[in-house]
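Please read the structure below before turning to the comments.
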Amino acid sequence: MIKPTFHIAGDQAFILRFGQEIHPEVHKHVISYYHAILAMDLKGVTLILPTYCEITIHYDPLVINHNTLLKHLKAIDLKNLDDTDSVAKLIHIPVLYGGLNGPDLEIVARQNKLSTTEVINKHTEPKYLVYMLGFTPGFVYLGGLNKQISTPRKAIPRPLIKEGSVGIAGSQTGIYPIDSPGGWQIIGETPFKLFDVNRQPEVLINAGDYIQFNAINESTFNSIKTEVDSGNYNIEVETILLSHE
Amino acid sequence: MNKITVINPGLFSTFQDEGRENHQHIGMPVGGAMDKYALQLANYLVSNQTNEACLEMTLTGATLRFNFDTNIAITGGKCVVLLNGKQAKSHRTLVIKTNDQIDIQNITEGARSYLAIAGGFNLPIIMASKSTYIKGKLGGFKGRALMVGDEIEINKISKKCKRRRISRKHIPQYPQHVELRIIPGPEKDRFEWEGIKHFLCSDYELSPQCDRMGYRLNGPKIGQINNNADIISSAISFGTIQVPSDGKPIIMMADRQTTGGYTRIAQVVSADHHILAQLKPGDKIRFKEVTLNEAHQLYKKMKDILNKYQ
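In order, the protein sequences belong to chains A and B.
Using the numbering used here, the letters of the first sequence map in sequence onto residues 295 to 539.
Using the numbering used here, the letters of the second sequence map in sequence onto residues 505 to 814.
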């Protein structure tokens with residue numbers, strides 16, 4: 295059981311820190327405390343943001359005294375966190391690998407002395423933990439990439455990587471939710487929109503969820519894309535049990 | 505249709521309200537007006553809700569024409585305002601007649617001026633806000649800065665606009681050398697003593713690299729222990745001061761990403777955010793440490809003033 299340390303982050307926020315490493319156990323504490331603080335529904339708490347190892351709690355000092363808030367936060371006691379099983383959402387992201395949709399798939403394969411099929415197999419195998427969202431709307435920071443397919447970023451970033459591109463950068467993998475410049479090695483593309491202003495909610499994935507990539511062929515890609523464009527696509531979501539290790 | 509026509513958009517003019525504070529958990533930048541003090545004053549002057557979207561103009565103002573009778577107000581950075589070629593005042597309700605033209609010239613003190621219009625601009629509400637988010641090409645008017653020839657529809661007003669003005673003592677000054685009060689940040693212990701001394705005892709100048717996302721500052725290098733400036737990405741907010749390994753601080757502003765990966769040396773207190781928002785390249789900052797209690801008192805004082813204008 296990790297006890298958080300408390301830090302002042304300006305005159306309207308506190309930080310609860312659970313460690314300084316990217317680790318599923320640290321993050322489990324972040325998410326459990328995050329839900330506990332949400333459930334407290336404290337008047338004057340304006341925003342609660344979970345990240346890799348911290349939770350930032352914003353408050354209005356004219357509504358809640360900072361000492362009162364601290365007292366509430368310090369009283370949180372999640373005794374049995376270490377030995378309880380919990381459930382999480384697993385979201386299946388369809389990806390068309392290689393070709394024009396994944397122009398760097400062969401680079402990733404060559405650098406790691408693998409075939410492109412092996413790269414796809416190693417990329418679709420894990421259930422990736424969503425540590426947090428940030429960078430751009432809908433961008434998920436994932437943990438769990440197989441080291442055998444980690445690949446350095448491109449020396450010269452591309453001026454435009456299109457929305458939906460799935461890439462690898464060092465030991466990270468991720469998906470570009472909006473068109474952006476970037477240096478990731480692009481190995482595939484998903485027709486699913488991680489961020490869609492015309493959908494409620496705009497982003498369907500939250501910190502603490504898991505995602506898994508599913509390899510699809512071009513005709514499936516096109517039919518999903520048609521459904522996405524007409525607002526009729528339902529992403530596959532599964533509930534999984536996270537057993538205590 | 506009541507509308508304004510853009511004759512000249514100015515350097516960089518976007519619609520901004522209070523932003524998208526509550527969508528940060530999905531990685532959505534907050535955005536919104538850089539100077540929320542000026543935003544509220546402008547809305548007060550045209551009897552709008554305090555969080556209605558205004559036109560935020562940067563360094564040079566816009567020229568606009570109206571096809572209906574209305575009221576507008578201009579607040580924020582000091583600028584010459586011409587109404588049909590005649591000088592008009594900022595920080596008070598202005599009466600506009602059909603076919604009038606308003607010409608907001610260079611902003612000579614501060615960096616950003618705000619134009620509010622009675623009833624508000626008719627813009628789509630995306631994630632509870634009308635704010636323009638340029639990088640995501642969404643919100644505001646077509647997700648971009650204003651261009652020549654744009655026509656923006658104005659909402660009909662439900663109640664008559666009162667003619668109001670802002671008391672002179674509540675109109676901020678925007679000097680080119682400011683003191684910003686700060687509270688030490690969560691990574692304050694990661695800095696060398698020498699570095700903290702530089703940070704608190706030297707002037708830092710806004711570099712040309714400053715925009716709605718953040719301000720890069722020039723000044724004495726702020727050294728970190730083992731020259732390690734990286735943290736595991738964590739939350740940042742308006743006024744967070746991060747220091748990369750080059751030792752030059754960056755202050756995060758309205759369009760910042762929701763998370764950052766550099767050590768957070770300090771946080772500018774909320775009561776000084778509107779001063780911070782009006783800085784421009786070449787302006788100088790001296791940081792001054794205050795306690796949490798002092799920062800809360802300063803915030804209360806500012807809110808007491810703003811409460812007179814809503």
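Beta carbons are placed, not taken as given, at the ideal position from N, Cα and C, and that holds for glycine.
Since the structure is predicted, the reported quantities are computational estimates derived from the model, not experimental observations.
| Query | Result |
| --- | --- |
| Closest by C-alpha distance to B:Ala799, when choosing among A:Gln306, A:Glu319 and A:Ile469 | A:Gln306 |
| A:Val522, enclosing beta strand (DSSP E) - first and last residue | A:Val522 -> not in any beta strand (DSSP E); alpha helix (DSSP H) instead, spanning Glu512 to Asp523. |
| At least 3 beta-carbon pairs within less than 8 Å: the segment 420–429 of chain A vs the segment 345–352 of chain A | yes |
| Beta carbon proximity, B:Ser617 to chain A, threshold 8 Å | no |
| Whole runs of the alpha helix (DSSP H) within the segment 353–424 of chain A, excluding any shorter than 4 residues | 360–368, 399–405 and 410–418 |
| Beta-bridge pairing of A:Phe308 - partner residues as DSSP gives them | A:Ile302 and A:Ile351 |
| Reduced DSSP secondary structure (H/G/I, E/B, other) of A:Ala501 | coil |
| Residues that B:Lys807 contacts on chain A, provided the C-beta gap is smaller than 9 Å | Leu356 |
| Cutoff 8 Å: A:Val497 Cβ touching any chain B Cβ | yes |
| Closer than 8 Å at the beta carbon, the chain A residues around B:Val773 | Gly304 and Asp305 |
| C-alpha gap between A:Gly338 and A:Gly464, whole angstroms | 41 Å |
| Cβ of A:Gln314 within 8 Å of any chain D Cβ | No chain D appears in this structure, whose protein chains are A and B. |
| Inter-stretch contact (C-beta, 8 Å, three-pair minimum) for the segment 451–458 of chain A and the segment 475–484 of chain A | yes |
| C-beta atoms of B:Arg768 and B:Glu691 nearer than 8 Å | yes |
| Beta-carbon spacing of B:Gly565, B:Ile621 below 8 Å | no |
| Cβ-Cβ distance between B:Gly523 and B:Tyr678 below 8 Å | no |
| Chain-ordered neighbours of A:Leu427 on chain B, where CB pairs are closer than 7 Å | His529, Ile530 and Gly531 |
| Backbone CA spacing between A:Gly393 and A:Ile510 [nearest angstrom] | 13 Å |
| Chain-ordered neighbours of A:Ile472 on chain B, where CB pairs are closer than 7 Å | Gly640 |
| Burial state of A:Gly304 (16 or more Cβ within 10 Å) | buried |
| Same chain, Cβ closer than 6 Å to A:Ile370, neighbours up to 5 away in sequence not counted | Ala330 |
| Alpha-carbon spacing of B:Thr763 relative to A:Gln494, whole angstroms | 23 Å |
| CA nearest to the CA of A:Pro485, picked from A:Val491, A:Ile499 and A:Phe515 | A:Phe515 |
| Paired residues, beta bridge with A:Val460 - DSSP | A:Ile469 and A:Gly482 |
| Range covered by the beta strand (DSSP E) that runs through B:Gln605 | Gln605 to Ile621 |
| Closest residue to B:Leu810 among B:Thr554, B:Phe516, B:Ser517 and B:Met505 (Cα-Cα distance) | B:Thr554 |
| Neighbour flag for B:Met651 against chain A, beta carbons, 8 Å | no |
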